[in-house]
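Some notes on the structure that comes next.
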Amino acid sequence: MSTAAVAQTAPPSITASPEIYKVIAENAKYRVISVTWAPGQKDAMHSHPDSAVYVLTDCALRYDLPNGATRDGFPPAGFAVVQAPIEAHSVENVGKSDCKLIMFEPK
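Per the working numbering, residue 96 is the first one in the sequence shown, and the count goes up by one each step.
Given below as structure tokens:
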């Protein structure tokens, strides 16, 4: 089973919140996604396959899990990470400015 299939315990980000997650390039194997949360904006519950993320602006984010747990994260501009599939969660920008990043996901 592909990693994209494993992560899909909730809709993919681009389907759940297309106003935040915008596909800016893709081919048969990969998609590049521009992600922007305005201050106070929260996306819908979603999931991700294996992915890589590059943070464009300093961010203050709150992650909500289906079990009610939350955690805060403050990735700085220039932070990059390669991550395993992420199951259902939602993300809220708890900062005072836009949070922008680029995601790279396999199809």
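Each residue gets a CB set at the ideal place from its N, CA and C atoms; glycine is no exception.
Computed from a predicted structure; not experimentally measured.
Thinking just about the alpha-carbon of each residue, which of Asn122, Arg157, Ser112 is nearest to the one in Pro134?
For the residues Asn122, Arg157, Ser112, the minimum Cα distance to Pro134 belongs to Arg157.
Of all the beta strand (DSSP E) runs that stay within the bounds of the region 128-189, which reach a length of 3 or more residues?
Runs of the beta strand (DSSP E) inside the region 128-189: 141-143, 146-150, 156-159, 165-168, 175-178, 181-188.
Starting from Ala111, trace the alpha helix (DSSP H) in both directions and tell me its first and last residue.
Residues 108-111.
Contact defined as beta carbons within less than 8 Å: I believe Ala105 pairs with Ala183. What is the distance between those atoms, to the nearest angstrom?
Beta-carbon to beta-carbon, Ala105 and Ala183 are separated by about 4 Å, close enough to satisfy the 8 Å threshold.
As a quick exercise: from Leu160, Ser142, Trp132, pick the residue whose alpha carbon is nearest that of Cys154.
Closest by alpha carbon: Trp132.
Quick check on DSSP: helix, strand or coil for Met96?
Only weak support is given to the placement of Met96: the predicted model assigns it a pLDDT of 35, under 50, and the value that follows is read from those uncertain coordinates. Looking at Met96 - three-state DSSP - the assignment turns out to be coil, as it is neither helix nor strand.
Where the beta strand (DSSP E) containing Lys191 begins and where it ends
From DSSP, Lys191 is part of no beta strand (DSSP E); its letter is neither H nor E.
Based on the DSSP output, what are the partners of Lys117 in its beta bridges?
Lys117 is bridged to Ser129.
Lys124 in three-state terms, based on DSSP:
Coil at Lys124, not helix or strand.
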